[in-house]
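In this note's numbering, the protein residues as written are 29 to 193.
Here's the structure, in structure tokens; my notes come after.
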């Protein structure tokens, strides 16, 4: 779990930096193109939704892999945690399928009166922020489940074994 904590500490500044960068890009675009402000924020919302949907699909796959990894490392511990991970993964799949149906035919309308490079800069800032948010969220989930596995393991070690007489 120490490795996970180190990764989380490493990624947290990335998330903060990506969030600040996105806010800065949005502010700069709003100042540079005041008449397009509404279109900029509509595009940002739409593009974030699309990015979030992609990440949700990836998270489902990552959690399946994580569950297999934990099963391999903690083969005898504890079924309750595995069931929770599997339930959560199935829930992610359902949510991903639902979101996919919502965004399947969705097209984000790029603001027309904005320099193409500025729009690409916005897309890159959104993608970076969503990626860092996804990484941070994934690490939080893994930490939570590893904590539960570790807690169950510690509880099983503390319980006195019952010997047959």
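For every residue, glycine included, the Cβ atom is placed at its ideal position computed from N, Cα and C.
Extent of the continuous alpha helix (DSSP H) to which residue i belongs
i           : result
residue 117 : 107–131
residue 80  : 65–101
Rounded straight-line distance, which links the Cα of residue j to that of residue i
i           : j           : result
residue 69  : residue 125 : 26 Å
residue 141 : residue 54  : 15 Å
residue 66  : residue 87  : 31 Å
residue 143 : residue 133 : 26 Å
residue 260 : residue 166 : Within the shown structure, residues of the chain are numbered from 29 to 193, placing residue 260 beyond reach of any answer.
residue 160 : residue 182 : 32 Å
residue 49  : residue 148 : 14 Å
residue 74  : residue 52  : 18 Å
residue 110 : residue 79  : 28 Å
residue 193 : residue 123 : Low local confidence applies: a pLDDT of 45 at residue 193 is under 50, so the model's placement there is unreliable, with the coordinate-based value given in what follows. Roughly 53 Å separates the two Cα atoms.
residue 136 : residue 119 : 27 Å
residue 36  : residue 164 : 7 Å
residue 191 : residue 101 : Its pLDDT being 49, under 50, residue 191 is placed unreliably by the model, and the measurement read from it follows with that caveat. Rounded to whole angstroms, residue 191 to residue 101 spans 27 Å at the Cα level.
residue 93  : residue 85  : 13 Å
residue 43  : residue 146 : 22 Å
residue 179 : residue 38  : 25 Å
residue 127 : residue 81  : 6 Å
residue 96  : residue 64  : 48 Å
residue 62  : residue 155 : 23 Å
residue 162 : residue 83  : 6 Å
residue 114 : residue 152 : 33 Å
residue 33  : residue 40  : 11 Å
residue 112 : residue 121 : 14 Å
residue 129 : residue 117 : 18 Å
Whole-number beta carbon distance between residue j and residue i, since they are thought to touch under 8 Å
i          : j           : result
residue 46 : residue 157 : 4 Å
residue 57 : residue 150 : 6 Å
residue 98 : residue 177 : 6 Å
residue 71 : residue 171 : Not quite, the Cβ-Cβ distance comes to about 34 Å (not below 8 Å), so this is no contact.
residue 77 : residue 131 : 6 Å
(Q) Suppose only complete runs of 4+ residues qualify. What are the alpha helix (DSSP H) ranges in the region 154–185, listed by chain order? (A) none
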